[in-house]
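Engineer: The numbering of the sequence shown is the working numbering, which starts it at 338 and goes up by one. Ideal Cβ positions, reconstructed from N, Cα and C, are used throughout, including at glycine. From a predicted model like this one, the values you see are computed outputs, not experimental measurements.
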Amino acid sequence: MIHRFTLLFGLLFWGFIANGQISKTLEQKVLVGEGNFIPLRVEFITTVDFDALESSFIQNQITVNQRPRIVNRVLMKQAQASQASAKALLSSFGENQVKSISSFYIANIMVVEATAEVAQALARLPEVSYIDWAGDEFLMHDPIIDSDLNGPEVVNGTEPGLVAINAPAMWKLGYTGRGRMVYNYDTGVWPTHPSFKDRFLGNFAPLSQSWYGLIREYPDGRISDHGTHTLGTIAGLDTATNDTIGVAFGSYWIANDYVASTVAALPPLAQMIAAFEWALNPDGDTTTSDDIPDVINNSWRWRDDPDTVHCGGFVVQLMNAIEAAGMANVFSGGNSGPNNSSVNSPQRINTSKVNTFSVGSIDGNQTFPYPISNFSTRGPSQCPGSGSLLIHPEVVAPGQNVRSAWGTNGYNTISGTSMAAPHVSGAVLLLKEAFPQLSGAQLMQALYTSAIDMGVTGEDNTYGNGLIDVYAAYQLLALSHTAVNPNDVSWDVSIKEISHPTGGEVTCDELYYPEIIIQNLGDSAVGSVDISYWLNGVLGASSPITIATPNLLSNGAIDTVSLPNPIALTTNGEYEFAVSVSIGKPEYDEVNNQRIIRFNKRGLTTLPFYEDFETGISGLNWFIKNDDALTSWDSVSVAGWQGNTYAAYLNLKDYLPRLSQKDGLWSPILQLPSAPLLQLSFDVAYQQLGTIGFVQDTFKVYASTDCGQTFPHLLHSKTGSDLSSTGVLGANFEPSSRSDWRRDNIDLSTFSGQEVMLSFVGVNRKGNNLYLDNISVYEGLWDPVSIAESEVNVFSLFPNPATESIQIAASKETVGDLYITIMDANGRVVEQRQMAVNQSFKIGQLAPGLYLVKVMQGKSVEHIKLIKE
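Spelled out as structure tokens, the structure:
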């Protein structure tokens, strides 16, 4: 029910706004009082005419490589001029009125979380053309699962869908997409899949221009295997088995994880736009264009109403900017057929025949003529237009029962237009290799024009203009353009590998002696190369270095070269070492003459060592060993423990498959003194899921004395009920009080005088969540943060010595309960409890002897020695 005040406010509020400037959706959100902060999409008057810009490119013979620079500059200039007043206005409001601001230039908009009063002020600005509710939601076109996960690989296999689009004819000519690049805008990718792991751009360039992650900092596919599957169809080939699942298996790829598999996980609109804007300038330098992808594959849709939303406005601006920069923008056509009444957005956009190039699905496993898939969305588009502009989809491609990559190394057969679009994206890459001087729009136009007519004669709302034939498109383009000969490669030098420091991905070396393996993939002999190198983005002082390569005299020849001086690793933590080679000639593939490796330098630390994870898992102190690239150690907030708000965490409950994967959390190198008693203590929290044997996770602690090259010393191992810190069974465990934790202790005395690295290992059986905190390595009997008692005590203990009970008194007024831990002379926790100041605490059950009492209140910690008589 609408409150009278809210309704009155809404009527007065919108009375100030020019008619039509505020969307009805936003108006309704304000009238029903949807929270204090409203997500606003503020659109500004645009001055860039993309049709005129395209005409100027043609008239002035602007090359495709020059276009991104111009488009970035023009759009940035427009946004800077038109958004200046809005930014100044927003800065005048306080935090209680403006929560967040995101400014974009790919579309001239801002996304703001603010109050209705702020929206009113923004709407009055002459530069603002429209304000709407920024609650747009988008998700993948849900695939239809047809077979078991991890389907088999096929030795020397070629997927039928690749044959259906005539890709083998292009391979026969020598085109594989070599040197070209796709941006997979999807749910993420497992980068270790053998079908495409070697062609991830992150192997050759910084992660910042290779992966645009919302969920994870490094590529993975934990949201869904959907993105891995679509990328496999674009670029997949396992060279070990010659299993060909991808159209352009020689191409490079970049990706994001911005598409959700469920509505509940959908990211905000601002993040969706940011992921597109990144594609215009991945390396952050608008003067370069070699970082721009050739095609963006979009197997997703907005979750929207069946109307004309997105037929104009900011979405069209965004799609026009992508096309103007020379990229092809391919979309899955939708899975709502055969009796749908509308077309999804942005697939419904029809500003040209190839803008948001939408792809329907046929069954490429059958014989020609291939039947349309029942689920494939039919047209027409509900956006204004006539003739071909109303037809949906533009073309069709195989999308039914498509086998492609799945998980980290498997395969699966699924269906959907999500599977059809990647066939077109791969076809664009093959054509781009042949005709690098052409734009994405020109290549898609060739695919559209040369498509094989299917269904009723002529273009229709089932098959569009027909089934793509990439070889026919090549022949069409060759009539008016000169194709690059992929078999006549004069120059192409590739860095195959860079050696890691001693120890591999983790090293303790102070000096690094890199060896660089170079291969000549061109037809001309190479006598020397110029080598430049970077350490964590800083160019080496002696770069470039000219090094003779006497072995690179023929095509395919390999040579190994070394830098004249070692690289000093002066700090601990993560390193990124990059190398680039140049021969002073234009090369066929400009990507493979560079390479990057990443490793972690372990530091040496002395005792006492203490880690509470309050600032997360720092790469300076810790290294996460995650061989399967799946779930691994992370930091998470924990409740019910005053002064202790974060812990290390292993999400074993969501870990699939259940294959006893091991995830290690490696410590720094600990310089242990020559002492008779050395100890490791830590807090652990775990709850058994149930009593079934095969769902019992394991927690282990290992020690290494060779900088992590081996961990032969098993110090601690607990499983199931032994691991559990509570007596309760249940799923999705989260510790809620201090009593949910247990303090464990390990004797390290056998390593006296040695340098030791510890590994805390979780072994997955998909049981429950595992928490680790307050790791302490120390010499002597007790396990405090500081072994000595506090010099100035707030708390005191009496009587002391004591026989039956004690009390904790405070020398000044304190707030809140105390958290008491009593440890015996061996550092073992013998008693824990929560109590008030001056409350009696029984100790009659303790054996006579010396104890250490740890008193915590808030962030204050004190240690008091107690003698039990």
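Would you kindly work out how many angstroms separate the C-alpha atoms of Ile375 and Leu655, rounded to a whole number?
Structural biologist: Position 38 of the sequence shown holds residue 375. Position 318 of the sequence shown holds residue 655. Computed Cα separation, rounded: 23 Å.
Engineer: Can you tell me where the alpha helix (DSSP H) holding Tyr785 begins and where it ends?
Structural biologist: Counting from one through the sequence shown, the residue named residue 785 turns up at place 448. Element bounds for Tyr785: 777 to 786.
Engineer: Using 10 angstroms around the beta-carbon of Lys769, count the other beta-carbons present and answer buried if the total reaches 16, otherwise exposed.
Structural biologist: Indexing the sequence shown from 1 puts residue 769 at position 432. By the 10 Å Cβ count, Lys769 comes out buried.
Engineer: On the premise that Pro683 lies in contact with Trp639, defined as a C-beta separation below 8 Å, what is that separation, rounded to the nearest angstrom?
Structural biologist: Taking the sequence shown and counting its residues from 1, the one referred to as residue 639 is at position 302. Taking the sequence shown and counting its residues from 1, the one referred to as residue 683 is at position 346. Yes, Trp639 and Pro683 are in contact; Cβ-Cβ is about 7 Å, under 8 Å.
Engineer: Between the Cα of Asp469 and those of Thr578, Phe651, Tyr442, Gly874, spot the shortest distance and give me the residue it belongs to.
Structural biologist: Indexing the sequence shown from 1 puts residue 469 at position 132. Nearest option by C-alpha distance: Phe651.
Engineer: Whose C-alpha, out of Asn635, Ser636, Trp615, is nearest the C-alpha of Ser626?
Structural biologist: Start at 1 with the first residue of the sequence shown, and residue 626 comes out as number 289. Minimum Cα distance to Ser626 is reached at Trp615.
Engineer: Are Ile1157 and Phe1135 close, meaning C-beta to C-beta below 8 Å?
Structural biologist: The residue given as residue 1157 occupies position 820 in the sequence shown. The residue given as residue 1135 occupies position 798 in the sequence shown. Going by C-beta atoms, Ile1157 is not nearer than 8 Å to Phe1135.
Engineer: Using CA atoms only, rank isn't needed, just tell me which of Asn657, Leu426, Ser755 is closest to Thr565.
Structural biologist: If you number the sequence shown from 1, residue 565 lands on position 228. Checking every option, the nearest Cα to that of Thr565 belongs to Ser755.
Engineer: For the stretch 404 to 492, list the beta strand (DSSP E) runs that are entirely contained and at least 3 residues long, ordered along the chain.
Structural biologist: Entirely contained in the stretch 404 to 492, the beta strand (DSSP E) runs reaching 3 residues are, in chain order, 435 to 440, 446 to 451, 465 to 470, 474 to 477.
Engineer: Go to Asn657, then tell me how far its alpha helix (DSSP H) extends in each direction, as first and last residue.
Structural biologist: Against the sequence shown, residue 657 aligns to sequence position 320. Residues 651 to 661.
Engineer: Near Ser677, what residues of its chain come up, given a Cβ to Cβ distance below 8 Å and the 5 sequence neighbours on each side ignored?
Structural biologist: The residue given as residue 677 occupies position 340 in the sequence shown. What sits at residue 677 in the sequence shown is Asn, not Ser. Within the same chain, Asn677 has close Cβ partners Gly671, Thr714, Arg715.
Engineer: Which value, in whole angstroms, describes the spacing of the CA atoms of Ser1127 and Thr524?
Structural biologist: In the sequence shown, the residue the question calls residue 1127 occupies position 790. In the sequence shown, the residue the question calls residue 524 occupies position 187. With a pLDDT of 42 at Ser1127, under the threshold of 50, the modelled position of this residue cannot be trusted, and the question is left open.
Engineer: Hey, Asp1000 and Trp970: beta-carbon distance below 8 Å or not?
Structural biologist: As a position in the sequence shown, residue 1000 is number 663, starting the count at 1. As a position in the sequence shown, residue 970 is number 633, starting the count at 1. Yes.
Engineer: Would you say Leu1009 reaches chain C, if we count a Cβ-Cβ gap shorter than 8 Å as a contact?
Structural biologist: No chain C appears in the structure shown, which is made up of a single protein chain.
Engineer: If I measure Cβ to Cβ from Leu1017 and keep anything under 6 Å in the same chain, skipping five residues before and after, which residues do I get?
Structural biologist: Position 680 of the sequence shown, counted from the start, is the residue given in the question as residue 1017. Closer than 6 Å at Cβ, skipping near neighbours: Ile1083, Leu1085, Val1114.
Engineer: Extract the residue ranges of the beta strand (DSSP E) inside the stretch 681 to 739, only unbroken runs of 3 or more that lie entirely within it.
Structural biologist: DSSP runs (the beta strand (DSSP E)) wholly in the stretch 681 to 739: 694 to 699, 732 to 735.
Engineer: Are Pro923 and Trp828 close, meaning C-beta to C-beta below 8 Å?
Structural biologist: Mapped onto the sequence shown, residue 923 falls at position 586. Mapped onto the sequence shown, residue 828 falls at position 491. Yes, the Cβ-Cβ distance between Pro923 and Trp828 is below 8 Å.
Engineer: Here's the rule: buried if 16 or more other CB atoms are within 10 angstroms of the residue's CB, otherwise exposed. What is Lys1191?
Structural biologist: Numbered from its first residue, the sequence shown carries residue 1191 at position 854. Label assigned to Lys1191: buried.
Engineer: Do three or more CB pairs link the stretch 1007 to 1016 to the stretch 950 to 959 at distances below 8 Å?
Structural biologist: Because the criterion of three Cβ pairs below 8 Å is not met, the stretch 1007 to 1016 and the stretch 950 to 959 do not touch.
Engineer: Is it true that the CB of Ala764 sits closer than 8 Å to the CB of Val584?
Structural biologist: By 1-based counting over the sequence shown, the position of residue 584 is 247. By 1-based counting over the sequence shown, the position of residue 764 is 427. For Val584 and Ala764, yes; Cβs fall inside 8 Å.
Engineer: Which residues bound the alpha helix (DSSP H) around Met756?
Structural biologist: Numbered from its first residue, the sequence shown carries residue 756 at position 419. 754 to 771 is the span of the alpha helix (DSSP H), which, as asked, contains Met756.
Engineer: Should Tyr748 be labelled buried (16 or more other beta-carbon atoms within 10 Å of its own) or exposed?
Structural biologist: For the purposes of this step, residue 748 is identified with residue 411 of the sequence shown, where counting begins at 1. Looking at its Cβ environment, which holds 16 or more other Cβ atoms inside 10 Å, Tyr748 is buried.
Engineer: Quick check: the stretch 811 to 818 against the stretch 687 to 704, are at least 3 beta-carbon pairs closer than 8 Å?
Structural biologist: They do not touch, by the three-pair rule.
Engineer: Since I believe Ser532 is in contact with Gly573 (beta carbons under 8 Å), could you give me their beta-carbon distance rounded to a whole number of angstroms?
Structural biologist: Stepping through the sequence shown from its first residue, residue 573 is reached at position 236. Stepping through the sequence shown from its first residue, residue 532 is reached at position 195. Yes, they are in contact, since the Cβ atoms of Gly573 and Ser532 sit about 4 Å apart, within 8 Å.
Engineer: For the pair the stretch 732 to 742 and the stretch 825 to 844, tell me if three or more CB-CB distances fall below 8 Å.
Structural biologist: Too few Cβ pairs lie closer than 8 Å, so no.
Engineer: Under 8 Å, with one C-beta from each stretch per pair, do the stretch 1020 to 1035 and the stretch 1089 to 1102 reach the 3-pair mark?
Structural biologist: The stretch 1020 to 1035 is in contact with the stretch 1089 to 1102.
Engineer: Give a yes or no on whether the C-beta atoms belonging to Gly777 and Asp628 are separated by under 8 Å.
Structural biologist: In the sequence shown, the residue the question calls residue 777 occupies position 440. In the sequence shown, the residue the question calls residue 628 occupies position 291. Cβ distance not < 8 Å, so Gly777 and Asp628 don't count as in contact.
Engineer: Where in the stretch 799 to 839 do unbroken runs of the alpha helix (DSSP H), each at least 4 residues long, occur, reported from the N-terminal end onward?
Structural biologist: The qualifying runs are 807 to 815.
Engineer: Using DSSP with H/G/I as helix, E/B as strand and the rest coil, what is Asn540?
Structural biologist: Residue 540 sits at position 203 when you count from the first residue of the sequence shown. It is helical.
Engineer: Taking the beta strand (DSSP E) that Ala577 falls in, what are its first and last residues?
Structural biologist: Here the question's residue 577 lines up with position 240 in the sequence shown. Segment: none, Ala577 is in no beta strand (DSSP E) and carries neither H nor E.
Engineer: So, using beta-carbon positions, are Phe1088 and Ala1139 closer together than 8 Å?
Structural biologist: Indexing the sequence shown from 1 puts residue 1088 at position 751. Indexing the sequence shown from 1 puts residue 1139 at position 802. Cβ distance not < 8 Å, so Phe1088 and Ala1139 don't count as in contact.
Engineer: For Thr883, which residues does DSSP report across the bridge?
Structural biologist: Walking along the sequence shown from the start, residue 883 turns up at place 546. Bridge partners of Thr883: Asp867.
Engineer: From Gln812 to Gln856, what does the alpha carbon distance come to, in whole angstroms?
Structural biologist: Residue mapping note: residue 812 aligns to position 475 of the sequence shown, counting from 1. Residue mapping note: residue 856 aligns to position 519 of the sequence shown, counting from 1. Answer to the nearest angstrom: the Cα atoms are 33 Å apart.
Engineer: Can we say the stretch 927 to 934 touches the stretch 897 to 916, given the rule of at least three CB pairs closer than 8 Å?
Structural biologist: Touching, yes.
Engineer: Using DSSP's beta-bridge definition, name the partner residues of Val632.
Structural biologist: By one-based count along the sequence shown, residue 632 stands at place 295. Per DSSP, Val519, Ala665.
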